[in-house]
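Asks: In the UniProt record's numbering, the protein residues as written are 1 to 129.
There's a structure below that I have some questions on.
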């Protein structure tokens, strides 16, 4: 994902629907988002924005379109994470993690998982030297 893709919270909901089972038609997307209370026009606006931003692509099917993700969920998560880190923690992942650890916001399971990830990365780094 070369360019910085900025997706709003509402657009994330739409993208999660398309990522979960691609491709999807407008009626399928509308059905999966009916609990939001959003109108058909609102959802179509989100879809159009996502196509314009390059997050979705479309293919004509009969009178409608099939919607496909143009970027993966993990690519968008990484871009959003980098943007957040840059804005809030001056781009420092360690500052963010230390903040969560120091404030006791991590469960013992999360701490264990974090330790395991660090150990795996250290092993990978040692193996590449």
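The beta carbon of each residue, even a glycine, is placed where N, CA and C say it ideally should be.
Only a predicted model underlies this, so the values are computations on that prediction, with no experimental measurement involved.
1. Are the CB atoms of residue 50 and residue 97 within a distance shorter than 8 angstroms?
2. Take residue 57 and list the residues in its own chain whose beta-carbon comes closer than 6 angstroms to its own, dropping the five residues that flank it on each side.
3. Using DSSP with H/G/I as helix, E/B as strand and the rest coil, what is residue 69?
4. Would you grab the beta carbon distance between residue 43 and residue 29 for me? Rounded to a whole angstrom, and I think it's under 8 angstroms.
5. For residue 11, count the other beta carbons within 10 Å of its own beta carbon; 16 or more makes it buried, fewer makes it exposed. Which is it?
6. Could you have a look at residue 99 and say whether DSSP puts it in helix, strand or coil?
7. Rounded to whole angstroms, how far is the Cβ of residue 61 from the Cβ of residue 36, which I believe are closer than 8 angstroms?
Replies: Quick answer:
1. Contact flag unset, no.
2. Taken in chain order, the residues that qualify are 68 and 70.
3. In the structure shown, residue 69 sits in a strand (DSSP, three-state: E or B).
4. The pair is a contact, with the Cβ atoms about 6 angstroms apart (cut-off 8 angstroms).
5. Under the 10 Å beta carbon count, residue 11 is surrounded by 16 or more other beta carbons and is classified as buried.
6. DSSP places residue 99 within a helical segment (H, G or I) once states are collapsed to three.
7. With a beta-carbon spacing of about 24 angstroms, residue 61 and residue 36 fall beyond the 8 angstroms limit used to define contacts.
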